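This report concerns only the one structure given below.
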Amino acid sequence: MTIKIAMLYERVRWEEKAIKKEAESRSNVEFTPINILDIILKLFDKGTSLDHDIFLQRAISLFKGLYCTAILEFLGKTVVNDFNTSVTCGDKLLSTLAFLRRGIPTPKTVVAFSEASALKAIEEVGYPAILKPIHGSWGRLVAPLNDPLSAKAIIESRLMLHPIHQVFYIQERVKRPPRDIRSFVIGDQVVAAIYRIAAEGEWRTNTSLGGKAEPCKITPEIEEMSLKAAEAVGGGILGIDMMESPDGLVVHEVNHVIEFRNTVPATGVNIPKLIVDYLVNKVRR
Amino acid sequence: MKVECPECLAEIEVPDDVIVGEVIECPECGAELEVYEIKEGQVKVRVAAAEEEDWGE
């Protein structure tokens, strides 16, 4: 039986190329890359021409990806990751709520909706704290709040941006080594983990900011925490970010359109292959 | 396949298996170019858009 996989994308990153190459190497897979900038989604027509068995959502844009997935699911299609998982992972505040509901250790978080209350809220977690936009990746606009004066300046600057930046999501700054851990969960398996080591002169660990990827052993604690966090957000193909706090691991976010260009060479784990296997098995089940 | 860099007009070699949405770097000027159309073996590129606020993983 031939399995028809469609990959929805916008920008072709290293990851999209690797997934395409892997899928096209399979004799039992018919693979179609679909640029979401080219599609028209007819909400009134369930007999859509998108007749693939499964869709892999790889849009680089959070909002385009979310709404595309929502419509495809409405039309009865199977999308990985599904809408509920994506909407939770795409929003750091909703992710925190999901972790707290399941009792998963996560940094102490406060939320406020005005400049004055945000400044008071920081006192609740104490300085130094961190301000994060609830949407976004790659460390973009993640700011350290080191003292009241710099916090005021940073909070004030957010008032000039889109109103979503007035949802002030503030977290304690966890005492961690200059690295964090990214684990990769595909279905019910933790398939790889890396340390992300902050680049010199940078406190954020994102590899997009020059952070270095080094292999990390999947300890029982990492495995348990990764699977719990994946389950909390609804499961799928996920990247779990966690920090080594003095009291053990704390999970701070889960990513739903995982990048692995640094993880594959660092760990030797063939993540594109595992993604295609997961899609094939999901259709077969 | 070959295409002209819209930034520096250099002639760039594009891999045959290129697909729409791929970003290639002009070896002459370093501009990041996005492939936006492939028709009858003709590739069209434009200077790639900068990172958007909701981009990510």
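These protein sequences, in sequence, are chains X and U.
Using our numbering, read the first sequence as starting at 2 and increasing by one per residue.
Using our numbering, read the second sequence as starting at 41 and increasing by one per residue.
Backbone N, C-alpha and C fix where the C-beta goes; we use that ideal spot for every residue, glycine too.
Here the structure is a predicted model, which is why all the values come from computation and not from measurement.
In the three-state scheme derived from DSSP, where H, G and I count as helix and E and B as strand, X/D189 is classed as coil. Using beta-carbon distances, U/E72 does not count as an interface residue toward chain X, since no partner is under 8 Å. One Cα belongs to U/E91, the other to U/A71, and the distance between them is close to 14 Å. When C-alpha distances from U/V60 are compared across U/L73, U/D94, U/E97, the shortest belongs to U/L73. In the displayed model, X/V81 falls within a strand according to three-state DSSP. Under the 8 Å criterion on CB atoms, U/V83 is classed as non-interfacial with respect to chain X. Judged by DSSP secondary structure, X/F32 falls within the beta strand (DSSP E) whose first and last residues are 30 to 36. By the neighbour-count definition (other C-beta atoms within 10 Å, threshold 16), X/E201 is an exposed residue. Boundaries of the beta strand (DSSP E) around X/I6: 4 to 10.
The segment 261 to 274 of chain X and the segment 45 to 53 of chain U do not touch, with fewer than 3 CB-CB distances between them shorter than 8 Å. Boundaries of the alpha helix (DSSP H) around X/S96: 93 to 102. By the Cβ criterion, the segment 242 to 255 of chain X is in contact with the segment 83 to 102 of chain X, since at least three pairs of Cβ atoms, one from each stretch, lie closer than 8 Å. No residue range can be given for X/R177, since it is assigned to no alpha helix (DSSP H) and is classified by DSSP as neither H nor E. Contact of X/P266 with chain U is not assigned, every C-beta pair being separated by 8 Å or more.
Between X/E11 and X/A71, the C-beta gap is not smaller than 8 Å, which leaves the two residues out of contact.
Contacts with chain U (Cβ-Cβ distance below 8 Å) from the segment 22 to 44 of chain X involve P34, N36, L38, D39, listed in chain order. Partner residues in the beta bridge of X/S246, as assigned by DSSP, are X/G249. Here U/V87 is exposed, its C-beta having fewer than 16 other C-beta atoms within 10 Å.
Nearest neighbour of X/G104 by Cα position, chosen from X/E232, X/P266, X/D46, X/G237, turns out to be X/E232. X/A24 and X/V13 have their C-alpha atoms some 15 Å from each other. X/P106 has its alpha-carbon roughly 24 Å from the corresponding atom of X/T208. Using a Cβ-Cβ cut-off of 9 Å, X/F64 is close to D94 of chain U, given in chain order. Annotation for X/I155: L132, A144, L146 place their beta carbon closer than 8 Å to its own, counting only its chain and skipping 5 residues before and after.
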